[in-house]
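Last residue of the sequence shown: 159 in my numbering, with the numbers rising by one and none dropped. Think of the CB as a built atom: it goes at the ideal place given N, C-alpha and C, for glycine as much as any other residue. Since the structure is predicted, the reported quantities are computational estimates derived from the model, not experimental observations. Data block below; observations after.
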Amino acid sequence: MSAEPARPSGPDRHPLAPVLILNDRAPRRPSSERTHVPIQPGRPLSDQERLAATMEAVFARSGRSLADEGTATDVLIPLGEVRALLRGAFEKGLIGEEGYRALDDMLKGMEQAPALLA
Numbered sequence: 042m043s044a045e046p047a048r049p050s051g052p053d054r055h056p057l058a059p060v061l062i063l064n065d066r067a068p069r070r071p072s073s074e075r076t077h078v079p080i081q082p083g084r085p086l087s088d089q090e091r092l093a094a095t096m097e098a099v100f101a102r103s104g105r106s107l108a109d110e111g112t113a114t115d116v117l118i119p120l121g122e123v124r125a126l127l128r129g130a131f132e133k134g135l136i137g138e139e140g141y142r143a144l145d146d147m148l149k150g151m152e153q154a155p156a157l158l159a
């Protein structure tokens with residue numbers, strides 16, 4: 042059998058299409074290497090630390106970690122857009138100031154989670 046391409050390129054043919062890698066995710070850390078929220082004995086976790094630990098657990102179930110730069114970026118991009126959407130809803134009067142502030146603070150906490158795990 043020949044090892045020639047099935048669709049050879051030439052002057053009268055289109056060049057071969059580039060190969061696209063469809064499963065190009067950030068490398069996953071083995072669970073033994075996961076970064077966890079540092080727990081200091083005798084000190085309860087802050088609200089942000091508890092949120093970061095909860096978010097990390099959600100991602101860990103899928104074999105991912107917010108400590109991975111790619112995963113953190115994948116989280117931060119939509120969170121920024123959700124905050125913009127929330128701001129727009131507030132400016133249009135769809136939600137009140139108290140609700141806006143509470144929800145925006147929660148989203149800010151979610152944005153801080155990757156930094157707490159790094």
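Check whether the Cβ atoms of V123 and L107 sit closer than 9 Å, and answer yes or no.
Numbered from 1 along the sequence shown, position 82 holds the residue referred to as residue 123. Numbered from 1 along the sequence shown, position 66 holds the residue referred to as residue 107. Going by C-beta atoms, V123 is not nearer than 9 Å to L107.
Counted within 10 angstroms of its Cβ, other Cβ atoms place D88 as buried (16 or more) or exposed
Stepping through the sequence shown from its first residue, residue 88 is reached at position 47. Answer is exposed; the Cβ neighbour count stays below 16.
What I want to know is whether the C-beta of A156 ends up closer than 8 Å to one or more non-hydrogen atoms of the ligand FMN.
With respect to small molecules bound, the structure shown includes none, and the ligand FMN cannot be examined in it.
Measure the C-alpha to C-alpha separation of G137 and F131 and round it to an integer number of angstroms.
Residue mapping note: residue 137 aligns to position 96 of the sequence shown, counting from 1. Residue mapping note: residue 131 aligns to position 90 of the sequence shown, counting from 1. Whole-angstrom Cα-Cα distance: 6 Å.
Quick check on T95: buried or exposed, where buried means 16 or more other Cβ atoms within 10 Å of its Cβ?
For the purposes of this step, residue 95 is taken as the residue at position 54 of the sequence shown. That one is exposed.
Simplified DSSP state of M151, which is helix, strand or coil
For the purposes of this step, residue 151 is taken as residue 110 along the sequence shown, with counting starting at 1. Helix.
Going by the CB atoms, is the gap between E152 and L120 shorter than 9 Å?
Counted from its first residue, the sequence shown places residue 120 at position 79. Counted from its first residue, the sequence shown places residue 152 at position 111. The answer is yes: Cβ separation under 9 Å.
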